[in-house]
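Novice:
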Amino acid sequence: MVEVPSPAIAVVGRHNSGKTTLVVKLISELASRGFDVGSIKHHSHGDFDIDYPGKDSYRHREAGATDTVIASPHKMARVRTMDHEVECAEIVATMPGHDIVIVEGYRKSGLPTIEIMRLANEADSAVAAAFLESARRGDDLGADHVQMGKRDPRHAADIENKMPTSNTVAVVTDIPDAREAAAVYGIPCFDVDDVRQITDFVEAHFTRPRVTVVIQAGGESRRMGQSKALVEFNGRPLICRIVERLRPAADEMVITTNEADKLQFLYGMFPDVELTLAPDAYDRRGALPGLYTALDAARCPFVAIVACDMVFASPRLVVAEAIEMAETDADIVVPVNKHGFEPFHATYRKDTCLPAVRRSIDSGKSRVQSVFEDDAIKVVEFSQDKVLRVEPRGGCFINTNTPDELAHIEKSFLGE
31 MVEVPSPAIA
41 VVGRHNSGKT
51 TLVVKLISEL
61 ASRGFDVGSI
71 KHHSHGDFDI
81 DYPGKDSYRH
91 REAGATDTVI
101 ASPHKMARVR
111 TMDHEVECAE
121 IVATMPGHDI
131 VIVEGYRKSG
141 LPTIEIMRLA
151 NEADSAVAAA
161 FLESARRGDD
171 LGADHVQMGK
181 RDPRHAADIE
191 NKMPTSNTVA
201 VVTDIPDARE
211 AAAVYGIPCF
221 DVDDVRQITD
231 FVEAHFTRPR
241 VTVVIQAGGE
251 SRRMGQSKAL
261 VEFNGRPLIC
271 RIVERLRPAA
281 DEMVITTNEA
291 DKLQFLYGMF
301 PDVELTLAPD
311 AYDRRGALPG
321 LYTALDAARC
331 PFVAIVACDM
341 VFASPRLVVA
351 EAIEMAETDA
361 DIVVPVNKHG
371 FEPFHATYRK
381 DTCLPAVRRS
391 IDSGKSRVQS
401 VFEDDAIKVV
411 EFSQDKVLRV
421 EPRGGCFINT
431 NTPDELAHIE
441 KSFLGE
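All you need for this note's numbering is the position in the sequence shown, starting with 1, plus 30.
#1: By Cβ distance below 6 Å, which residues in the same chain neighbour histidine 128 in space, the five residues on each side in sequence not counted?
#2: In terms of residue numbering, what span does the beta strand (DSSP E) encompassing histidine 447 cover?
#3: If you draw a straight line from the C-alpha of leucine 260 to the C-alpha of serine 344, how long is it?
#4: Can you tell me whether threonine 51 is helix, strand or coil according to DSSP?
#5: Relative to the C-alpha of aspartate 392, which residue among Tyr322, Val366 and Asp113 is closest?
#6: So glutamate 440 and phenylalanine 263 are supposed to be a Cβ contact under 8 Å. How far apart are they, rounded?
#7: Report the residue from Ser390, Thr432 and Ile144 whose alpha carbon sits nearest the alpha carbon of valine 341.
#8: Quick one: residues in its chain with C-beta nearer than 8 Å to the C-beta of serine 47, no 5 flanking neighbours on either side, listed in chain order?
#9: Which of the three DSSP states is assigned to alanine 200 in this structure?
#10: What separation, rounded to the nearest whole angstrom, lies between the Cα atoms of leucine 162 and glutamate 354?
#11: Quick one: residues in its chain with C-beta nearer than 6 Å to the C-beta of isoleucine 245, no 5 flanking neighbours on either side, listed in chain order?
#12: Taking C-beta to C-beta, are alanine 352 and threonine 377 nearer than 8 Å?
#13: Locate the beta strand (DSSP E) running through leucine 305, then write down its first and last residues.
#14: Taking valine 363 and alanine 386 to be in contact with their CB atoms under 8 Å, please state how far apart those CB atoms are, rounded to whole angstroms.
#15: Any idea what DSSP makes of aspartate 188, helix, strand or coil?
#16: Ignoring anything shorter than 4 residues or poking outside the region 259–321, list the alpha helix (DSSP H) runs there in chain order.
#17: Beta-carbon separation of alanine 158 and threonine 98 under 8 Å?
#18: Run through the region 330–407 for me and flag every whole alpha helix (DSSP H) of 4 or more residues, listed as ranges in chain order.
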């Protein structure tokens, strides 16, 4: 099964700022709400052990093993000897399938960060004062204070302390200076003991969003000579492959189809999938009515729409688009390349896009592009570079319209 990437957020601060306490409380609260939480701890020292001298796993490593796995029926741990520090993004990439990964430390990871500052910590108070001075002065968030200090002694105080950066998405503090600075920069600010509100913020913006994956199957295709959903691919109906590929990214799946009687077998083949077969909401064909049907049938707030002939449709791309939508408050996140938008491997926010599609239909428009041009809709483009970071092999948007095209793709299937 294809594994989907996990979203991540880092909790950062200075020594004794309370990072570990906040991380533990945050993990506990998220887990109590039913989220699958992974965690990463950045250890600043050059060496550490998770087992002890005398243990068998320790003896394995002492004997020369560079990669040791300790496994039991309930737990597994891995100790690998490294010759360099691994980037945080690389570690997160090895932890797929979580609703959220909470990272302690790794300020320079590029992840969105929650900055904690406590009044009881002298270093935090000094940074909070510098943070406020910077805010009042109008410095950009994340300005290079070290370089500023070299140029102007007024900026030299406490420049060795770590400051909030452009990746700072929230501040957790009981220091008035830090609260005032956060307000100037427009950064959400929470009290150090308000774990529920902090968790609400993380849940709303950074946990893996709940997604309905809609596979648009339609009906008979003139160029294919039969229904694309039912055409054989690798010995089975093509729709089976698409469902299998996309279900890791789906909290529910909807197949829009006018031949539900022919697709009933899917319920038996995929009993673990929350599956709905949805007929057209309009009595006429077309891209816009099809988009309306997809959005109308979905129950989750985010709706990923994929055509059933996209043989290499990507669950990783679905999740990446949904995360981008949550972080940017977009209404549509759509891949874009030299050919333009790819609206049938894009993600839509149901509550804003459904009325926008209806407006376009009611005004006589027929192109999906008209929804993208709606002034009430915020469109965020997902660049080709971003797509390739998610799916390095590409090919997500390849579709098949004829038996010859499908046969050509099927020949390359075993090399996938």
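Glycine included, each C-beta is placed from N, C-alpha and C at the ideal position. Given the structure is predicted, the values throughout are model-derived calculations rather than measurements.
Specialist: Reading off the structure:
#1: Ser36, Asp66 and Gly68
#2: Not covered by the structure: residue 447. The range shown for the chain is 31 to 446.
#3: 20 Å
#4: helix
#5: Tyr322
#6: 6 Å
#7: Thr432
#8: Ile146, Met147, Arg148, Asn151, Ala153 and Asp154
#9: strand
#10: 30 Å
#11: Ile272, Ile285, Val336 and Cys338
#12: yes
#13: 305–308
#14: That belief does not hold up - the Cβ atoms of valine 363 and alanine 386 are roughly 15 Å apart, past 8 Å.
#15: Because the pLDDT at aspartate 188 is just 45, under 50, the model does not fix this residue reliably, and the value given afterwards should be weighed accordingly. In the structure shown, aspartate 188 sits in coil (DSSP, three-state: anything other than H, G, I, E or B).
#16: 268–276 and 295–299
#17: no
#18: 345–358, 380–392 and 399–402
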